[in-house]
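To start, the structure itself, in structure tokens.
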Amino acid sequence: MVGFMPGSEQAMIVATYKSHHVMDDTLVLTFDLSIDVRLSPSDYQQLQFIVIPKLVYNVSLCKYLEDRRCDPFLSNVYKGELYWLMVPKDCCPEYSPDISRAHCDYKGVELQIPINKRILDALMEIATNRKEQAQPALHVELMTSDRIPQPMPHAIAFHSQMITPLLLETQPIVIKAEKGSPYIVLKPDDVAKILKEAKYFEEIRIALEINALESAGPLETAVKDLKNAFEELERLNPDGAVMNCRKALDVIKKRWKETSNPEDANKSKEHEEHIRDYILNKYDEDTKKVYAEILEKVYNIVEKLYCIMSKFIHEQPHTGEEPSAAFNPTMADAIYLCRQTAAVIDYLARLAKPFEKAYSK
């Protein structure tokens, strides 16, 4: 509790969380402020506006569990400051003369939190941990000052002829989030949206957008499957991402498992040679010999990637059903495999670009 000073009146602030959005590289939390101010009737009549010189906010990240417990995860996400918040009298229409108290509602106060890979990684790690089944939650501590003694009044009421310092009943401001919880709980869809708006996956799909989408011929279907894989990543669905990466590799080299049917084996070999020839036919004979050896190495990489993906994917033989997840991959698995698959398809797409033929002959 903060004591009263002679000539000072009293104020109390409650901050209610409303929403969040991402702007550039910043997570913006929007709050509405409910301000109760003790003023005499004459002071209220002459009130022009209330100024809050400074707000300090500390943001931490925790894992919100089913029992409403929130285990600390990142204690120092961000510490920020907001200066000179002006609340006009229009926001203070309610006055109770029996208790000499005015009530003000100030909407749309934005607290900005710069986001980086460390924060985004933490959000994704909590949201995709199937074992703990926790949800990431932000804890915001909002205060009028982080220094003792207080260097200036908590708030100031400006009248037509004078100013009145205002003291808060308690220095920390009450934070109200969903259902009375002090935590801002982020659902999986919220985390997916934040990651997408922050362009978290942009760096690993930029080659796909620039190069692979311009390709033609046998790579087009692989590109579509890879696009689907990135969409599943953005939905925080590692199972779907790995399945679609595996489908993309199927296009490049059909089924790689051994088969007792020679006809199926021949089809796989023909498909492999078709992609190789599609690329090699764009180069002269000397260049073609070099790239023929390189492509053999690339296909070895494809085979190894396919083998890794098969650790997670379970075939449905003779049923005609789509493959299903046998061992759930993590987001780390899915991001790695999407990166590698994108690198292979991007490289093949670069080699297959028609305009490159003119520069290689």
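For the numbering used here, count along the sequence shown from 1 and bump the result up by 125.
For each residue, glycine too, the CB sits at the ideal point set by N, CA and C.
Taking LEU476 as the reference, which of ALA302, TYR416, LEU245 and MET434 has the closest Cα?
-> For this step, residue 476 is matched to residue 351 along the sequence shown. It is TYR416.
For ALA467, count neighbouring C-beta atoms within 10 Å of its own C-beta (all shown protein chains included) and say buried if the count is 16 or more, exposed if not.
-> Locating residue 467 in the sequence shown gives position 342, counting from the first residue. Answer is buried; the Cβ neighbour count reaches 16.
Option nearest ARG226 by Cα separation, candidates ALA252, SER435, GLU303 and LEU291 = Start at 1 with the first residue of the sequence shown, and residue 226 comes out as number 101. Taking only the C-alpha atoms, the option nearest ARG226 is LEU291.
Buried/exposed call for MET211, threshold 16 Cβ in 10 Å | Working through the sequence shown from its first residue, we reach residue 211 at position 86. Exposed is the call here.
For the beta strand (DSSP E) that CYS187 lies in, which residues bound it at each end?
-> In the sequence shown, counting from the first residue as 1, residue 187 sits at position 62. Note, CYS187: beta strand (DSSP E), 172-189.
Determine, using beta carbons only, whether ILE319 and LEU248 come nearer to each other than 8 Å.
-> Sequence index remark: in the sequence shown, residue 319 carries index 194 (1-based). Sequence index remark: in the sequence shown, residue 248 carries index 123 (1-based). Contact flag set, yes.
Helix, strand or coil: which one does DSSP assign to SER221?
-> Here residue 221 corresponds to residue number 96 of the sequence shown, with the count starting at 1. It is a strand residue.
If you follow the alpha helix (DSSP H) that GLU251 is part of, which residue opens it and which one closes it?
-> Here residue 251 refers to the residue found at position 126 of the sequence shown. Reading off the sequence, residue 251 comes out as Ile, not Glu. Its alpha helix (DSSP H) spans residues 242-252.
What are the partner residues of CYS370, as DSSP defines its beta bridges?
-> Reading the sequence shown from its first residue, position 245 is the one you call residue 370. Paired residues: none, contrary to the question.
Nearest CA to the CA of LEU190: which residue from SER306, ASN406 and ALA366?
-> Translated into positions along the sequence shown, residue 190 becomes position 65. The option with the nearest alpha carbon to LEU190 is SER306.
Using DSSP bridges, identify the partner residues of GLU206.
-> The count along the sequence shown starts at 1 and reaches residue 206 at position 81. VAL181.
If you run the structure through DSSP and keep just helix, strand and coil, what is ASP196?
-> Numbered from 1 along the sequence shown, position 71 holds the residue referred to as residue 196. Note: ASP196 maps to strand in three-state DSSP.
Roughly how many angstroms separate the alpha carbons of ASP458 and LYS378, rounded to a whole number?
-> As a working mapping, residue 458 is identified with position 333 in the sequence shown. As a working mapping, residue 378 is identified with position 253 in the sequence shown. About 22 Å.
Can you check whether the CB of PHE174 is closer than 8 Å to the CB of PRO218?
-> Counting from 1 along the sequence shown, the entry for residue 218 is found at position 93. Counting from 1 along the sequence shown, the entry for residue 174 is found at position 49. No.
Tell me whether the beta-carbon of ALA323 lies closer than 8 Å to the beta-carbon of ARG360.
-> In the sequence shown, counting from the first residue as 1, residue 323 sits at position 198. In the sequence shown, counting from the first residue as 1, residue 360 sits at position 235. No. Outside cutoff.
Same chain, Cβ closer than 6 Å to TYR325, neighbours up to 5 away in sequence not counted = Position 200 of the sequence shown, counted from the start, is the residue given in the question as residue 325. For TYR325, where only same-chain residues beyond five positions count, the Cβ hits under 6 Å are LEU245.
Which listed residue (MET368, ILE419, ILE400 and HIS399) has its alpha carbon closest to that of LYS436 | Counted from its first residue, the sequence shown places residue 436 at position 311. Measuring from the Cα of LYS436, the nearest candidate turns out to be MET368.
Take every Cβ of the stretch 153-171, pair it with every Cβ of the stretch 226-241, and state whether three or more of those distances are shorter than 8 Å.
-> yes
Identify, in the order they occur along the chain, each residue of the same chain with its Cβ nearer than 7 Å to the Cβ of LEU158, setting aside the five sequence neighbours on each side.
-> Locating residue 158 in the sequence shown gives position 33, where the first residue counts as 1. Excluding residues within five positions, the ones whose Cβ falls inside 7 Å are ILE138, ALA140, TYR231 and VAL234.
What is the DSSP secondary structure of LEU361, reduced to helix, strand or coil?
-> Looking up residue 361 in the sequence shown gives position 236. Looking at LEU361 - three-state DSSP - the assignment turns out to be coil, as it is neither helix nor strand.
Taking all protein chains shown into account, do 16 or more other C-beta atoms lie within 10 angstroms of the C-beta of GLU418, making it buried, or fewer, making it exposed?
-> Here the question's residue 418 lines up with position 293 in the sequence shown. By the 10 Å Cβ count, GLU418 comes out exposed.
Return helix, strand or coil for LYS312, following the three-state DSSP convention.
-> Numbered from its first residue, the sequence shown carries residue 312 at position 187. If DSSP states are grouped into helix, strand and coil, LYS312 belongs with coil.
Boundaries of the alpha helix (DSSP H) in which GLU418 is found, first to last residue = Position 293 of the sequence shown, counted from the first residue, corresponds to residue 418. Its alpha helix (DSSP H) spans residues 410-435.
Distance between beta carbons of CYS195 and LYS204, contact taken as under 8 Å = Reading the sequence shown from its first residue, position 79 is the one you call residue 204. Reading the sequence shown from its first residue, position 70 is the one you call residue 195. Actually they are not in contact, since the Cβ atoms of LYS204 and CYS195 sit about 19 Å apart, beyond 8 Å.
So ARG226 is in the beta strand (DSSP E); what residue range does that whole segment cover?
-> By one-based count along the sequence shown, residue 226 stands at place 101. Per DSSP, ARG226 belongs to the beta strand (DSSP E) from 226-239.
So does ILE177 have its beta carbon nearer than 7 Å to some heavy atom of the ligand ATP?
-> Inclusion of the ligand ATP in the displayed structure is not the case, the ligand content being empty and no account of it being possible.
Considering only residues of the same chain and omitting the five flanking positions on each side of HIS146, which have a CB-CB separation below 6 Å?
-> Locating residue 146 in the sequence shown gives position 21, counting from the first residue. Same-chain partners within the cutoff: VAL153.
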